[in-house]
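Trainee: In the numbering used here, the protein residues as written are 101 to 232. Backbone N, C-alpha and C fix where the C-beta goes; we use that ideal spot for every residue, glycine too. This structure is in structure tokens; I'll ask about it shortly.
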Amino acid sequence: MNKAFFGSVMIAQLENRRGLGVIGDKGYVSQELEDRLWDAGEHLLLSLKRDNQKEQWPRDIRKVLGYFRHRVETAFSVLTTAFNFEQPRSRSMSGLINRITTKILAHTISFFLAEALTPELSCNDSIHRETA
């Protein structure tokens, strides 16, 4: 699938919303996509810049983008390894939806329990201390 398809899907998902920040990885570096998102609803595309680009985000923005990227990649890694997300083994569409929903709920509950039971290891505190 090409970038135009993903750009159109992204714009459709943001329909009837205004002024959102959209975070993407280096695959979303595109002035055309940035312009389309802005025209569709004043959405700001924050994508990691490629190493060979002249204009780079300031250090603090790169740190925040890296923090969010790490959180998303960790969530997908846990869903894949601990909850066997890639092979739900369902026999029907309703079974698939049920199993995926249950796995995401289990991950969310485990995340909140870990945050509540081990506040000294909380990721939320470390980003606020580093950017302050």
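Let me know if Glu132 comes out buried or exposed under the rule of 16 or more other beta-carbons within 10 Å of its beta-carbon.
Mentor: By the neighbour-count rule (16 or more Cβ atoms within 10 Å), Glu132 is not buried but exposed.
Trainee: Three or more beta-carbon pairs under 8 Å between the segment 174-181 and the segment 192-199, yes or no?
Mentor: Counting Cβ pairs under 8 Å, fewer than three are found: no touch.
Trainee: Are Arg169 and Asp135 closer than 8 Å when you measure CB to CB?
Mentor: For Arg169 and Asp135, no; Cβs fall outside 8 Å.
Trainee: Would you identify the three-state DSSP class for Ser147, choosing helix, strand or coil?
Mentor: Strand, per DSSP.
Trainee: Look at Ala206 and Phe185 and say whether their C-beta atoms are less than 8 Å apart.
Mentor: Not a contact, by the Cβ cut-off of 8 Å.
Trainee: So, using beta-carbon positions, are Val172 and Leu145 closer together than 8 Å?
Mentor: Going by C-beta atoms, Val172 is not nearer than 8 Å to Leu145.
Trainee: With DSSP run on the structure shown, which of helix, strand or coil describes Val122?
Mentor: Val122: strand per DSSP, three-state reduction.
Trainee: What did DSSP end up calling Thr218 once you bin it into helix, strand or coil?
Mentor: In this structure, Thr218 counts as coil in the three-state DSSP scheme.
Trainee: How far does the alpha helix (DSSP H) with Gly141 in it extend, from its first residue to its last?
Mentor: Run containing Gly141: Gln131 to Gly141, per the alpha helix (DSSP H) assignment.
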